[in-house]
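To keep things clear, I will list the structure first and then write my remarks on it.
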Amino acid sequence: GHRVPAMAYWPGQIEPGSVCRKTAMGMDLFPTFVALAGGDLPTDRPIDGVDLSPLLFGTGSLTARPLFWRSGGRKAVRYGEWKLVIGERDQPGPALYNLDADPQERQDLAKDAPGRVQELLGLLEHWEGCSCLCEVP
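Count along the sequence shown from 1, add 1, and you get the number used in our numbering.
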């Protein structure tokens, strides 16, 4: 799983000791930094990330959205508390985890929740159809 903490410090702007438990990704940093600098995002290309500054300032929330990963032959989608992983070693099909109940991803629920598997597979297939595959050396 992905559980990487982050910290932000800005006296007079960010409330000391505040905690946000929302899931964000590295792709969210660009739109956040652009917003903090008072700039405008480019309009000639899609920007996958979202501005996290309302979370930093405690003035807004983050709309639920699917998050996607691809690495080698593995790919995954997380939506809310659910995560679907494809291409795990020794895993014949997709693996489904409820991250709220099982953050270590030890109990595969794919057989118990086939509807959820299909929902997340649909999100993953849509994302793959919309994104370009970049070769990484």
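Ideal Cβ positions, reconstructed from N, Cα and C, are used throughout, including at glycine. Just so you know, these numbers come straight off a predicted model, no measurement behind them.
Beta-carbon separation (whole angstroms), residue i vs residue j, contact threshold 8 Å
i	j	result
T33	S54	6 Å
L97	L125	No, L97 and L125 are not in contact; Cβ-Cβ is about 12 Å, not under 8 Å.
A9	I15	6 Å
P67	V51	The Cβ separation is near 12 Å, so there is no contact.
Cβ neighbour criterion (16 or more within 10 Å) applied to residue i
i	result
V20	exposed
L42	exposed
V12	Looking at the sequence provided, one finds Pro at residue 12 rather than Val. Counting Cβ neighbours within 10 Å, P12 comes out exposed, since fewer than 16 surround it.
P95	buried
Span of the beta strand (DSSP E), counted from its first residue to its last, around residue i
i	result
R71	L68 to S72
L85	W83 to I87
L63	No beta strand (DSSP E) contains L63, which DSSP labels as neither H nor E.
R75	R75 to Y80
L97	A96 to N99
Reference residue i; option with closest CA among the options
i	options	result
G88	L121, G73 and G13	G73
W83	R117, A36 and P93	R117
P93	Y80, P104, R75 and F58	R75
P122	S62, Y80 and G18	According to the sequence provided, residue 122 is Leu. The question's Pro does not apply to it. Here the closest residue by C-alpha is Y80.
P47	L57, D29 and Q108	D29
G18	V5, T44, F58 and A111	F58
D91	D109, D101, Q105 and A102	D109
C131	P104, D49 and D101	D49
First and last residue of the uninterrupted alpha helix (DSSP H) at residue i
i	result
V35	L30 to L37
R117	P115 to C131
L57	S54 to F58
Through-space distance from residue j to residue i, alpha-carbon basis
i	j	result
G27	R71	14 Å
A111	V5	26 Å
H127	L37	31 Å
G40	E106	39 Å
A102	T44	40 Å
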